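Novice: Chains as they are written, first to last, in the UniProt record's numbering: chain A, 1 to 208; chain B, 1 to 537. Supplied in structure tokens, the structure appears directly below.
What follows is the structure, encoded as structure tokens:
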């Protein structure tokens with residue numbers, strides 16, 4: 001009963017072509033037969049296939065955003081944006097990676113600027129707090145919720161470092177997979193991970 | 001006493017060493033001896049303990065968010081995503097330049113008129129004559145993108161406020177007033193005869209099969225919500241919902257079943273207990289009083305509300321839903337042939353089409369205190385209403401058989417009689433579309449053109465395939481313009497346009513029908529939905 005929606009013709013020209021990986025060698029076998037069927041239907045604009053695609057991946061995208069941003073009222077809006085971009089860019093997906101990797105990349109492209117804006121804003125805010133409350137006051141009260149404290153410290157990590165830390169420690173991805181998502185060499189990813197850990201160590205110990 | 005702390009030969013282990021080892025500890029990479037010193041230090045140092053807790057929380061990550069949005073919230077989100085995709089569609093170059101090109105063309109026409117004094121004052125006719133060459137290259141409208149053939153949403157009361165009896169018979173009444181035709185409005189009540197069933201179409205989008213002894217009220221239909229009230233019995237529903245279409249709710253004495261597009265059954269037993277089985281998609285079961293979510297039922301499961309238990313979908317549920325299988329072919333309008341569609345999840349049933357038959361579903365073993373099944377006879381209440389049958393097609397197929405028999409075609413009668421047999425029963429009528437299509441493709445000619453009309457009726461009734469139905473009606477009208485049943489074909493053409501939401505087309509077809517058949521059998525039904533057409537009579 002489903003009819004083709006008129007979005008198939010949008011796929012090829014969307015601005016999120018950056019989300020695809022055109023220069024990667026084709027490596028078949030990333031997609032299961034079922035995923036290939038859903039993808040083919042979704043590319044043709046079949047609403048049922050698009051819905052299946054969304055249902056299969058919405059919890060991954062939403063969960064990653066939650067781990068990256070913490071509890072945030074904007075997560076639902078960002079999920080919509082990520083899937084709107086993904087639907088529009090389905091025609092450019094060449095199957096060079098798993099669908100989840102490709103969606104992680106779109107999510108990262110969508111959230112990167114937001115993370116940078118918030119990081120700059122938070123840096124000013126935390127500097128003001130340091131000036132008013134004393135440098136380590138928030139670590140010494142002993143009553144501050146540990147989970148909340150960890151989230152606050154994670155927000156103080158620079159966006160590039162935070163993305164790598166979240167992918168590696170929370171999503172359980174390998175350096176190779178993160179390298180594919182961020183389109184950076186593995187050495188760069190490894191370096192960012194080391195810096196992220198060092199920075200968090202310093203933040204926890206009040207040395208930052 | 002911890003020897004590591006009091007052994008003078010042991011290396012000193014203070015806050016500095018502890019902080020350096022913290023990351024190794026939370027990553028579980030520190031050897032046991034150092035780990036013992038680490039924890040011994042933590043026991044005596046609040047600051048390091050606190051730092052350890054924070055670092056461990058950091059590496060552990062946030063607690064998982066709640067189970068995520070519910071099905072209805074996800075449905076809204078999905079609709080919003082589709083809207084965003086459409087909104088971000090790139091405007092084609094001719095669309096971007098349309099306004100500019102239009103102004104330029106108009107200016108050119110005016111300039112041409114002004115610099116042509118020899119022609120005298122330009123009349124509108126002149127402009128009309130000269131304009132086409134200039135305007136021909138400019139599209140008057142940006143080319144419309146191909147819209148779905150089935151319109152989403154309920155934008156017109158002619159579509160939203162009515163349902164139709166497709167097959168079967170029962171007592172049908174609107175409040176205390178019997179419904180006189182097979183078309184019924186919101187507020188209609190159905191009481192299906194024991195041992196029988198009835199298929200109905202609602203708002204042109206929902207196909208339902210009411211099982212034996214069911215009592216159902218259609219209580220609401222508006223652009224956002226269609227609501228049925230199931231008092232007793234079992235119903236199967238197929239709803240191919242597009243994003244702008246209303247949500248369907250089925251109320252029972254002990255639950256509300258909320259649906260955004262799926263194939264499922266709802267059953268209410270003699271005790272008022274509810275069971276929901278899903279064959280495709282997912283439904284939400286809510287508390288009838290608080291509307292809090294009780295369960296999400298996925299395809300392949302049957303949820304018993306009273307016991308809060310899940311079981312596999314069984315043969316009774318699939319059997320009741322089988323008349324809804326016509327056209328359920330994952331986007332392709334396949335003909336039902338008694339095979340359970342591949343998109344329906346029935347545990348234990350293989351993917352091989354030949355084995356996906358009702359008889360291959362394992363019969364559920366009833367437990368000792370199992371609730372009353374549907375086939376248990378219930379005390380019939382007083383019937384208030386009128387027996388209604390969807391009988392347009394029945395008369396038609398009888399006529400088709402008569403004509404075939406009378407006109408030298410005995411050899412065809414065997415296959416046609418089989419189709420007639422399938423059509424006669426509400427339980428098997430959905431299978432006759434395939435049979436008739438095959439018959440017409442092999443033997444169809446102008447003498448038996450009513451086969452096309454019949455196929456069109458079946459396509460729209462059981463598959464909601466309105467484009468195919470309209471094509472069949474038009475074929476019939478073209479092949480047999482003087483046939484006695486052209487009135488029915490014109491009415492069905494109007495009905496298909498109306499139920500598909502093609503309102504302008506429906507008004508045109510309605511006008512055409514009333515002009516040709518001012519005293520026609522279906523004039524009242526057309527005027528019921530489009531009172532503005534009274535002036536056509």
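Where a beta carbon is used, it is the ideal one built from N, C-alpha and C, also for glycine. This structure is a prediction, so every number in the text was calculated from the model and none was measured.
To which residues of the same chain is residue 219 of chain B closer than 8 Å at the C-beta, ignoring the five residues directly before and after it?
Specialist: 186, 187, 227, 228, 229, 251
Novice: Quick check: is the beta carbon of residue 166 of chain B nearer than 8 Å to any beta carbon in chain A?
Specialist: Closer than 8 Å: no.
Novice: Determine, using beta carbons only, whether residue 167 of chain A and residue 161 of chain A come nearer to each other than 8 Å.
Specialist: no
Novice: DSSP three-state label for residue 30 of chain A, please.
Specialist: coil
Novice: With which residues is residue 168 of chain B paired in a DSSP beta bridge?
Specialist: B:198
Novice: Output yes if chain A places a C-beta closer than 8 Å to the C-beta of residue 54 of chain B; else output no.
Specialist: yes
Novice: What does residue 217 of chain B pair with, by DSSP beta-bridge criteria?
Specialist: B:189, B:229
Novice: In terms of residues, what are the limits of the alpha helix (DSSP H) holding residue 40 of chain B?
Specialist: 32-44 is the span of the alpha helix (DSSP H), which, as asked, contains residue 40 of chain B.
Novice: Should residue 183 of chain A be flagged as near chain B, meaning a C-beta pair shorter than 8 Å?
Specialist: Residue contact with chain B for residue 183 of chain A: absent (no Cβ-Cβ distance below 8 Å to any residue of chain B).
Novice: Let me know the secondary structure DSSP gives residue 66 of chain A once reduced to three states.
Specialist: helix
Novice: Which complete alpha helix (DSSP H) runs does the stretch 258-322 of chain B hold, if anything under 4 residues is left out?
Specialist: 315-321
Novice: Bridge partners of residue 255 of chain B, per DSSP?
Specialist: Partner(s): B:252.
Novice: Using a beta-carbon distance below 8 Å, is residue 251 of chain B in contact with chain A?
Specialist: no
Novice: Any contact of the stretch 424-443 of chain B with the stretch 196-213 of chain B, i.e. 3+ C-beta pairs under 8 Å?
Specialist: Remark: three or more beta-carbon pairs, one from each stretch, lie closer than 8 Å, so the stretch 424-443 of chain B and the stretch 196-213 of chain B are flagged as touching.
Novice: Looking at residue 263 of chain B and residue 281 of chain B, is the spacing between their C-beta atoms short of 8 Å?
Specialist: yes
Novice: The stretch 79-95 of chain A: which residues have C-beta closer than 8 Å to a C-beta of chain B, in chain order?
Specialist: Residues 79, 80, 81, 83, 84, 87, 88.
Novice: Verify the CB distance criterion: does residue 76 of chain A have a CB-CB separation below 8 Å to chain B?
Specialist: It does: the Cβ of residue 76 of chain A has a partner Cβ on chain B nearer than 8 Å.
Novice: As a quick exercise: from B:402, B:345, B:296, pick the residue whose alpha carbon is nearest that of residue 286 of chain B.
Specialist: Of B:402, B:345, B:296, the residue nearest in Cα terms is B:296.
Novice: Could you check if residue 32 of chain A is buried or exposed, using at least 16 other CB atoms within 10 Å of its CB as the buried criterion?
Specialist: exposed
Novice: Which same chain residues end up closer than 8 Å to residue 363 of chain B when comparing Cβ atoms and leaving out the 5 residues on each side of it in sequence?
Specialist: 314, 315
Novice: Report yes or no: is there a C-beta of chain B within less than 8 Å of the C-beta of residue 146 of chain A?
Specialist: True, the Cβ-Cβ gap to chain B drops below 8 Å.
Novice: Which of the three DSSP states, helix, strand or coil, is assigned to residue 203 of chain B?
Specialist: Judged by DSSP in its simplified three-state form, residue 203 of chain B adopts coil rather than helix or strand.
Novice: Would you verify that the beta carbon of residue 61 of chain B is, or is not, closer than 8 Å to some beta carbon of chain A?
Specialist: yes
Novice: Anything in the stretch 68-91 of chain B with a Cβ closer than 8 Å to a Cβ of chain A? List those residues in chain order, please.
Specialist: 68, 69, 74, 77, 78, 80, 81, 82, 84, 85, 86, 88, 89, 90
Novice: Can you tell me whether DSSP reads residue 59 of chain B as helix, strand or coil?
Specialist: helix
Novice: Could you pull the start and end residues of the alpha helix (DSSP H) that residue 179 of chain A belongs to?
Specialist: 175-182
Novice: Check each residue of the stretch 16-43 of chain B: if its Cβ is closer than 8 Å to any Cβ of chain A, include it; give the result in chain order.
Specialist: Residues passing the 8 Å Cβ filter: 19, 22, 23.
Novice: Check whether the stretch 32-47 of chain A and the stretch 60-78 of chain A touch, using three or more Cβ-Cβ pairs below 8 Å as the test.
Specialist: no
Novice: Do the CB positions of residue 78 of chain B and residue 66 of chain A come within less than 8 Å of each other?
Specialist: no
Novice: Do residue 236 of chain B and residue 167 of chain B have their C-beta atoms within less than 8 Å of each other?
Specialist: no
Novice: I want to check one thing, is the minimum distance from the CB of residue 428 of chain B to the heavy atoms of the ligand SAH below 7 Å?
Specialist: In the structure on display, the ligand SAH does not appear, and there are no ligands present to speak of.
Novice: Report back the beta-carbon spacing between residue 539 of chain B and residue 501 of chain B to the nearest angstrom; my notes put them in contact at under 8 Å.
Specialist: Outside the shown range of chain B (1 to 537) lies residue 539 of chain B, about which nothing can therefore be said.
Novice: Output the distance between the C-alpha atoms of residue 547 of chain B and residue 397 of chain B, rounded to the nearest integer angstrom.
Specialist: The requested residue 547 of chain B does not occur in the structure, where chain B is confined to residues 1 to 537.
Novice: Please state whether the Cβ-Cβ distance between residue 506 of chain B and residue 497 of chain B is less than 8 Å.
Specialist: yes
Novice: Label residue 402 of chain B either buried or exposed according to how many other C-beta atoms from any shown protein chain fall within 10 Å of its C-beta, with 16 as the threshold for buried.
Specialist: exposed
Novice: Check the Cβ of residue 150 of chain A against every Cβ in chain B and list those closer than 7 Å, keeping chain order.
Specialist: 54, 57, 58
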